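A.B. asks: To get this note's numbering, take the position in the sequence shown, counting from 1, and add 1463. Even for Gly, the Cβ is constructed at its ideal location relative to N, Cα and C. Every value quoted in this text rests on a predicted model; they were computed, and no experiment measured them. The structure follows.
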Amino acid sequence: MGLGQGGGLAQRGTFAEGLKNDVVVVALSPGRRHLTKPVCEITYGIRESGIQTSVQVLNAGSGLPADAPNSLGSTFGLKPEEVEQVNRHKLCIIHFGNVKSHVVYKARLFLRFVTILTIVVCQTPIDMEDFAKIGIKTADVIPIEPKTKGTIVEIVTGVVRGESSPQSKIDEIIEKIKKHLK
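Listed below in structure tokens is the structure:
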């Protein structure tokens, strides 16, 4: 386990469990390009709204999955214990970043193992069809050949990594969480 730049907020491999296993917010490994700042603010906002929330910062959350096109450098992956920790919850919120191709391939690897409903938060404009094209199950678009166990139920775009999240985005995330926790 190494230390990464997290804006002083979190380090890779961190897992902080809430009192109830309702929601888990997942952040990529902190580093030069993946700062956990928006994830920490989102988590704080969710907790302030009265929803029990856990936090998981992935140990190998930077880079691309090995099966992604043009995958060079560091490799995105999940440890079995991270998968187990996430799957104990009812709903997952994960922030994937800004590069569209990275977002979809990371989501596919993540949801191969994570079986719970997932809300994707990212900076780049993206829709359910972008995920379904590579086999990710979504609430709105069913892929021809599903390659994931988990399902994307909502997408929130425009959340910039390393920057403060506008209250409107935090409110949007909370609204979508409440819709799926009923």
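If you draw a straight line from the alpha carbon of Leu-1491 to that of His-1558, how long is it in whole angstroms?
C.D. replies: Your numbering for residue 1491 matches position 28 in the sequence shown. Your numbering for residue 1558 matches position 95 in the sequence shown. The alpha-carbon atoms of Leu-1491 and His-1558 are separated by roughly 7 Å.
A.B. asks: Report the option in Ile-1599, Ser-1628 and Leu-1580 whose CA atom is closest to the CA atom of Val-1486.
C.D. replies: The residue you call residue 1486 lines up with position 23 of the sequence shown. The candidate whose alpha carbon is nearest that of Val-1486 is Leu-1580.
A.B. asks: Let me make sure I understand the geometry here. Which of Val-1562, Asp-1603, Val-1567 and Ala-1602 has the alpha-carbon closest to that of Gln-1586?
C.D. replies: Mapped onto the sequence shown, residue 1586 falls at position 123. Minimum Cα distance to Gln-1586 is reached at Val-1562.
A.B. asks: Tell whether a beta-carbon distance below 8 Å holds between Ile-1618 and Lys-1610.
C.D. replies: Position 155 of the sequence shown, counting from 1, holds the residue named residue 1618. Position 147 of the sequence shown, counting from 1, holds the residue named residue 1610. No, the Cβ-Cβ distance between Ile-1618 and Lys-1610 is not below 8 Å.
A.B. asks: With distances taken between CB atoms, is the gap from Val-1583 to Ala-1570 smaller than 8 Å?
C.D. replies: The residue labelled residue 1583 in the question sits at position 120 within the sequence shown. The residue labelled residue 1570 in the question sits at position 107 within the sequence shown. Cβ atoms of Val-1583 and Ala-1570: closer than 8 Å.
A.B. asks: Output the distance between the C-alpha atoms of Glu-1544 and Leu-1572, rounded to the nearest integer angstrom.
C.D. replies: Here residue 1544 refers to the residue found at position 81 of the sequence shown. Here residue 1572 refers to the residue found at position 109 of the sequence shown. Cα to Cα, the separation comes out at about 15 Å.
A.B. asks: Closest to Val-1489 by C-alpha separation, out of Ser-1564, Ser-1631, Val-1577 and Lys-1483, would be which residue?
C.D. replies: If you number the sequence shown from 1, residue 1489 lands on position 26. Of Ser-1564, Ser-1631, Val-1577 and Lys-1483, the residue nearest in Cα terms is Val-1577.
A.B. asks: Out of curiosity, what's the CA-to-CA distance linking His-1497 and Lys-1645?
C.D. replies: Taking the sequence shown and counting its residues from 1, one reaches residue 1497 at position 34. Taking the sequence shown and counting its residues from 1, one reaches residue 1645 at position 182. Reliability of the predicted coordinates at His-1497 is poor, the pLDDT of 47 falling under 50, and the value obtained from them is presented with this limitation in mind. Straight-line Cα distance between these residues: approximately 32 Å.
A.B. asks: Considering only the alpha carbon of each residue, which of Lys-1639, Gln-1519, Tyr-1568 and Ile-1615 lies closest to Arg-1551?
C.D. replies: Your numbering for residue 1551 matches position 88 in the sequence shown. Ranking the options by Cα distance to Arg-1551, first place goes to Gln-1519.
A.B. asks: Is DSSP giving Cys-1555 helix, strand or coil here?
C.D. replies: Here residue 1555 refers to the residue found at position 92 when the sequence shown is read from its first residue. Strand, per DSSP.
A.B. asks: Quick one: grab the DSSP three-state call for Ala-1602.
C.D. replies: Your numbering for residue 1602 matches position 139 in the sequence shown. Ala-1602: coil per DSSP, three-state reduction.
A.B. asks: Please report how far the alpha carbon of Asp-1603 lies from the alpha carbon of Glu-1480, in whole angstroms.
C.D. replies: Here residue 1603 refers to the residue found at position 140 of the sequence shown. Here residue 1480 refers to the residue found at position 17 of the sequence shown. Computed Cα separation, rounded: 30 Å.
A.B. asks: Give me the residue from Pro-1501, Glu-1635 and Val-1567 with the minimum Cα distance to Thr-1614.
C.D. replies: Indexing the sequence shown from 1 puts residue 1614 at position 151. The shortest Cα separation from Thr-1614 among Pro-1501, Glu-1635 and Val-1567 belongs to Val-1567.
A.B. asks: Counting along the chain, where does the alpha helix (DSSP H) carrying Val-1567 start and finish?
C.D. replies: For the purposes of this step, residue 1567 is taken as the residue at position 104 of the sequence shown. Run containing Val-1567: 1563-1576, per the alpha helix (DSSP H) assignment.
A.B. asks: Could you please give the first and the last residue of the uninterrupted beta strand (DSSP E) stretch that includes Ile-1615?
C.D. replies: Indexing the sequence shown from 1 puts residue 1615 at position 152. Taken as a continuous stretch (DSSP letters only), the beta strand (DSSP E) holding Ile-1615 covers 1614-1619.
A.B. asks: In the DSSP assignment, find the beta strand (DSSP E) that holds Leu-1491 and state where it starts and stops.
C.D. replies: The residue given as residue 1491 occupies position 28 in the sequence shown. Where Leu-1491 is concerned, there is no enclosing beta strand (DSSP E), given that its DSSP letter is neither H nor E.
A.B. asks: Helix, strand or coil, according to DSSP, for Ser-1631 in the structure here?
C.D. replies: Taking the first residue of the sequence shown as position 1, residue 1631 is located at position 168. Three-state DSSP puts Ser-1631 in a helix.
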